[in-house]
Amino acid sequence: ATASVEWLSANSIKLKHYAGSQNNEPDDPVATDFLSHLRSWGGDWMWNDLRMDSDPAWVADSLRKGTIVCVTDGSYNRTIDPGVCSAGWIIMCRETKKRVIGTVLERSEAAGSYRGELLGMLAIR
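Residue numbers (the working numbering): 342 to 466.
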């Protein structure tokens with residue numbers, strides 16, 4: 342692939358032209374479903390408690406319409422276990438009420454309240 346860019350300032354560039362590969366075959370095997378796609382990025386542990394009402398194709402439509410709501414809440418309790426933080430999250434369409442829900446738990450020496458919040462944001466990202 343080749344690209345040409347234009348420098349707008351010291352910290353900003355604009356993509357002028359991009360020419361991808363002429364090969365239409367994917368380099369890597371294509372995931373056959375949403376969960377396989379998520380797992381293909383690594384971090385299987387993040388998706389152990391993923392719950393979906395239906396095929397999540399509705400998420401893109403909800404983004405386009407502006408009807409999507411994403412909420413996350415991290416958790417950390419040093420008294421219970423200083424090496425664990427977690428988060429709960431939900432992605433929901435206000436119009437259709439369809440949703441994707443999950444929780445994520447991480448054991449880490451770097452566990453903390455901010456890390457728990459970041460875990461939730463990473464999941465909805």
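Beta carbons are placed, not taken as given, at the ideal position from N, Cα and C, and that holds for glycine.
Keep in mind that this is a model prediction, so the values were computed, not measured.
1. Could you tell me if residue 455 is buried or exposed, where buried requires 16 or more neighbouring beta carbons within 10 angstroms of its beta carbon?
2. Determine the contact status of residue 412 and residue 431, defining contact as a CB-CB distance below 7 angstroms.
3. Using the rule of at least 16 other Cβ atoms within 10 Å of the residue's Cβ for burial, across every protein chain shown, is residue 397 buried or exposed?
4. Should residue 409 be labelled buried (16 or more other beta-carbon atoms within 10 Å of its own) or exposed?
5. So does the region 376-396 actually touch the region 413-427, counting three or more Cβ pairs closer than 8 angstroms?
6. Look at the Cβ atom of residue 339, then the Cβ atom of residue 453, and state whether they are nearer than 7 angstroms.
7. Tell me whether the beta-carbon of residue 441 lies closer than 7 angstroms to the beta-carbon of residue 464.
8. Measuring only the C-alpha atoms, how far is residue 451 from residue 429?
Once the coordinates are examined:
1. exposed
2. yes
3. buried
4. buried
5. no
6. What the structure shows of the chain is the stretch from 342 to 466, and residue 339 is not part of that stretch, so it cannot be assessed.
7. no
8. 19 angstroms
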